[in-house]
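> Below you will find the structure I want to go over with you.
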Amino acid sequence: MITEKQRILETVNELPDNITWDDAIYTLYLRSKLEESKKNIKEGNTITLEELKEFIDGLEARYEADNS
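Taking this note's numbering, the leading residue of the sequence shown gets 950, the next gets one more, and so forth.
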(Lines of atoms letter the chains of each structure in order from A and count residues from 1; the text may use other names and numbers.)
(Lines give C-alpha, C1' and ligand atoms only; values in the text may rest on other atoms or scores of the structure.)
Protein backbone atom coordinates (compact mmCIF):
# COMPACT_ATOMS: atom_id res chain seq x y z
CA MET A 1 0.00 0.00 0.00
CA ILE A 2 1.32 3.41 -0.97
CA THR A 3 1.62 5.92 1.88
CA GLU A 4 0.68 9.59 1.84
CA LYS A 5 4.37 10.48 2.06
CA GLN A 6 5.08 8.39 -1.03
CA ARG A 7 2.27 10.15 -2.90
CA ILE A 8 3.68 13.52 -1.86
CA LEU A 9 7.16 12.53 -2.99
CA GLU A 10 5.84 11.27 -6.34
CA THR A 11 4.07 14.58 -6.89
CA VAL A 12 7.17 16.58 -5.99
CA ASN A 13 9.36 14.44 -8.24
CA GLU A 14 7.01 15.15 -11.18
CA LEU A 15 7.41 18.92 -10.79
CA PRO A 16 9.75 20.84 -13.11
CA ASP A 17 13.17 21.83 -11.79
CA ASN A 18 12.42 25.55 -12.01
CA ILE A 19 9.29 25.46 -9.83
CA THR A 20 8.75 28.05 -7.11
CA TRP A 21 7.84 27.27 -3.51
CA ASP A 22 4.41 28.79 -4.01
CA ASP A 23 3.74 26.70 -7.10
CA ALA A 24 4.91 23.53 -5.34
CA ILE A 25 2.69 24.19 -2.33
CA TYR A 26 -0.26 24.98 -4.58
CA THR A 27 0.30 21.78 -6.55
CA LEU A 28 0.38 19.69 -3.38
CA TYR A 29 -2.75 21.43 -2.07
CA LEU A 30 -4.58 20.88 -5.34
CA ARG A 31 -3.57 17.21 -5.47
CA SER A 32 -4.81 16.78 -1.90
CA LYS A 33 -8.20 18.32 -2.71
CA LEU A 34 -8.56 16.24 -5.88
CA GLU A 35 -7.85 13.04 -3.94
CA GLU A 36 -10.37 14.09 -1.29
CA SER A 37 -12.96 14.79 -4.00
CA LYS A 38 -12.43 11.41 -5.63
CA LYS A 39 -12.89 9.74 -2.24
CA ASN A 40 -16.12 11.67 -1.60
CA ILE A 41 -17.50 10.73 -5.00
CA LYS A 42 -16.61 7.08 -4.48
CA GLU A 43 -18.35 7.10 -1.07
CA GLY A 44 -21.43 8.85 -2.46
CA ASN A 45 -20.87 12.05 -0.48
CA THR A 46 -22.26 14.33 -3.18
CA ILE A 47 -25.27 16.52 -3.79
CA THR A 48 -27.32 17.05 -6.92
CA LEU A 49 -27.26 20.24 -8.94
CA GLU A 50 -30.82 20.91 -7.82
CA GLU A 51 -29.79 20.61 -4.14
CA LEU A 52 -26.96 23.06 -4.77
CA LYS A 53 -29.32 25.54 -6.41
CA GLU A 54 -31.71 25.29 -3.46
CA PHE A 55 -28.83 25.85 -1.04
CA ILE A 56 -27.66 28.94 -2.94
CA ASP A 57 -31.22 30.29 -3.12
CA GLY A 58 -31.46 29.91 0.66
CA LEU A 59 -28.19 31.78 1.14
CA GLU A 60 -29.37 34.58 -1.14
CA ALA A 61 -32.68 34.83 0.72
CA ARG A 62 -30.91 35.05 4.08
CA TYR A 63 -28.47 37.64 2.74
CA GLU A 64 -31.30 39.77 1.38
CA ALA A 65 -33.23 39.49 4.66
CA ASP A 66 -30.17 40.49 6.68
CA ASN A 67 -29.40 43.48 4.45
CA SER A 68 -32.85 44.99 4.08
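Think of the CB as a built atom: it goes at the ideal place given N, C-alpha and C, for glycine as much as any other residue.
Just so it is clear, the structure is predicted and the values come from calculations on it, not from any experiment.
May I ask which residues mark the beginning and end of the alpha helix (DSSP H) holding residue 989?
Residue 989 sits at position 40 when you count from the first residue of the sequence shown. Element bounds for residue 989: 970-991.
> List the endpoints of the continuous alpha helix (DSSP H) containing residue 957.
Numbered from 1 along the sequence shown, position 8 holds the residue referred to as residue 957. Note, residue 957: alpha helix (DSSP H), 953-963.
> Can you grab the Cα-Cα spacing for the pair residue 1014 / residue 1003, in whole Å?
Taking the first residue of the sequence shown as 1, we reach residue 1014 at position 65. Taking the first residue of the sequence shown as 1, we reach residue 1003 at position 54. Their backbone Cα atoms lie some 16 Å apart in a straight line.
> Assign residue 966 to one of three DSSP states: helix, strand, or coil.
Within the sequence shown, numbered from 1, the residue matching residue 966 stands at position 17. Looking at residue 966 - three-state DSSP - the assignment turns out to be coil, as it is neither helix nor strand.
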